[in-house]
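Following: one structure in structure tokens, then a few remarks.
There are 2 protein chains.
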Amino acid sequence: MLRNQSPEIVVGRLPLYLRMLEFLKKEGKLITSSQELAERLGLSSAQIRKDLSYFGEFGKQGTGYNIEYLQRQLREILHVDRVWEMALIGAGDLGRALAHYQGFVPEGFRLEAIFDNAPKKIGAQVGDLLVLSMSELPRVVREKKIRVAILAVPADAAPAVAATLVELGICAILNYAPITLNVPSGVRVYHLDPVVGLQNMAYYL
Amino acid sequence: MLRNQSPEIVVGRLPLYLRMLEFLKKEGKLITSSQELAERLGLSSAQIRKDLSYFGEFGKQGTGYNIEYLQRQLREILHVDRVWEMALIGAGDLGRALAHYQGFVPEGFRLEAIFDNAPKKIGAQVGDLLVLSMSELPRVVREKKIRVAILAVPADAAPAVAATLVELGICAILNYAPITLNVPSGVRVYHLDPVVGLQNMAYYL
DNA sequence: TAGATTGTTAATCGATTAACAATC
DNA sequence: TAGATTGTTAATCGATTAACAATC
Chain A
1 MLRNQSPEIV
11 VGRLPLYLRM
21 LEFLKKEGKL
31 ITSSQELAER
41 LGLSSAQIRK
51 DLSYFGEFGK
61 QGTGYNIEYL
71 QRQLREILHV
81 DRVWEMALIG
91 AGDLGRALAH
101 YQGFVPEGFR
111 LEAIFDNAPK
121 KIGAQVGDLL
131 VLSMSELPRV
141 VREKKIRVAI
151 LAVPADAAPA
161 VAATLVELGI
171 CAILNYAPIT
181 LNVPSGVRVY
191 HLDPVVGLQN
201 MAYYL
Chain B
206 MLRNQSPEIV
216 VGRLPLYLRM
226 LEFLKKEGKL
236 ITSSQELAER
246 LGLSSAQIRK
256 DLSYFGEFGK
266 QGTGYNIEYL
276 QRQLREILHV
286 DRVWEMALIG
296 AGDLGRALAH
306 YQGFVPEGFR
316 LEAIFDNAPK
326 KIGAQVGDLL
336 VLSMSELPRV
346 VREKKIRVAI
356 LAVPADAAPA
366 VAATLVELGI
376 CAILNYAPIT
386 LNVPSGVRVY
396 HLDPVVGLQN
406 MAYYL
């Protein structure tokens with residue numbers, strides 16, 4: 001695959017395209033166009049065509065894009081044409097909410113285990129998982145070859161847990177802790193902080 | 206205030222600066238520099254100076270930035286030098302986790318009420334709030350002059366709820382539903398979807 | 001064929017970086 | 001004063017958009 005420009009920002013939009021394609025499919029559509037996608041997503045049709053063209057030719061002139069086909073292609077590009085096992089760290093309110101979330105599996109991810117270091121929580125049932133001690137983390141990550149983790153611990157615990165995850169070979173961390181994590185290059189962190197979103201929007205209030 | 210370029214992307218970084226300043230303060234620091242902030246945040250020092258200079262002059266040559274002072278200035282710029290009341294829609298697992306979250310108030314936001322339309326949930330105690338019926342939403346929003354909402358309902362319910370929120374005059378929506386919301390200009394939506402983050406990172410796996 | 005829409009090029013627009021005078 | 005760091009300018013870099021030939 002040719003990579004003559006960094007696609008980081010483009011890759012960031014592909015999951016949105018994938019989500020919208022699923023939505024359109026549920027509306028009964030079989031075909032869509034860059035214009036329809038653009039309108040629904042609040043982007044320009046040129047941007048969508050350009051983004052897609054970076055990875056290949058997926059449409060037909062005069063017709064548009066076959067939704068199923070484009071979904072398959074995008075899933076392949078994003079490597080979500082398989083299921084990635086995940087470790088969830090933190091069995092607090094948020095951790096339990098994530099453990100109950102049904103939306104991961106259809107999109108290429110599955111929670112394999114949930115960890116906490118509070119003795120009161122260890123052994124508790126959460127969804128169809130039992131909360132394991134943090135001391136089990138290395139073994140589970142190794143045995144299940146886990147490469148993705150969700151971090152749902154308080155901010156003050158996050159740096160140490162992140163360091164452990166990195167050491168165990170985790171290379172993608174979905175971080176719910178309200179703190180900027182310092183990780184080596186090669187490890188990716190995606191940050192989800194409600195306060196960052198709220199403060200951002202507050203500027204415009 | 207002069208606005209000769211769109212600061213959207215800059216405004217998006219200010220909450221990160223604010224969060225890092227708090228972190229440095231907790232380490233006992235009184236002063237920081239664009240270089241220190243840059244290293245900790247993984248940005249360039251030039252970018253941080255440029256971002257700040259867009260809103261004013263907050264530093265001293267040779268010295269750097271007084272942390273407390275810069276925090277106060279950034280809070281004022283972002284309009285989080287006050288507390289915004291919020292309505293939370295959805296009393297599922299995620300809604301309850303958000304209702305228990307202690308991190309909103311120190312950052313300028315407070316949950317005023319939580320709503321759901323499931324009869325089983327209405328009246329339940331969640332944190333120190335009682336779950337109210339959706340039919341109460343208009344009254345509460347009006348009486349408390351609420352302008353910010355958190356949407357924590359399933360994707361299929363989200364568009365209708367968002368439309369209601371917009372109609373009631375809500376102008377900032379923190380959206381946890383995995384769907385792109387269509388709102389009029391003037392209403393801002395900040396999207397938090399774990400799957401989007403995971404799929405984005407999966408590209409690099 | 002006529003109409004529609006893609007994929008792609010070139011132009012435009014905007015964001016980041018490098019460099020440095022100003023100054024603490 | 002010497003050293004450090006800001007605020008700002010100009011240069012660079014990258015992303016978006018407009019336009020259109022190709023083609024279904």
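Those protein sequence lines, which keep their order, are chains A and B. Residue 68 in the working numbering sits at position 68 of the first sequence, with consecutive numbering throughout. Numbers given in the working numbering equal positions in the second sequence, counted from 1, plus 205. A virtual CB, placed ideally from N, CA and C, is assigned to each residue, including glycine.
Check                                                                                                                     : Outcome
Burial state of residue 130(A) (16 or more Cβ within 10 Å)                                                                : exposed
Given residue 57(A) as reference, the closest of 89(A), 41(A) and 74(A) once Cα atoms are compared                        : 74(A)
Under 7 Å between C-beta atoms of residue 201(A) and residue 393(B)                                                       : yes
Under 9 Å from the C-beta of residue 148(A): neighbouring residues of chain B                                             : 403, 406, 407 and 410
Chain B contact residues for residue 96(A), given Cβ-Cβ distances below 7 Å                                               : 298
Alpha-carbon to alpha-carbon, residue 242(B) and residue 364(B)                                                           : 39 Å
For residue 250(B), the first and last residue of its enclosing alpha helix (DSSP H)                                      : 250-258
Minimum Cβ-Cβ distance from residue 359(B) to chain A less than 7 Å                                                       : no
Burial state of residue 389(B) (16 or more Cβ within 10 Å)                                                                : exposed
Sufficient close CB pairs (3 or more, under 8 Å) joining the stretch 145-154 of chain A to the stretch 118-133 of chain A : no
Chain A contact for residue 287(B) (CB, 7 Å cutoff)                                                                       : no
Status (buried if at least 16 other CB within 10 Å, exposed otherwise) for residue 156(A)                                 : exposed
Alpha-carbon to alpha-carbon, residue 315(B) and residue 291(B)                                                           : 6 Å
Spatial distance of residue 39(A) from residue 212(B) (CA atoms)                                                          : 24 Å
Nearest to residue 282(B) (by Cα), restricted to the options 302(B), 344(B), 238(B) and 217(B)                            : 217(B)
Strand pairing of residue 190(A), partner residues [DSSP]                                                                 : 174(A)
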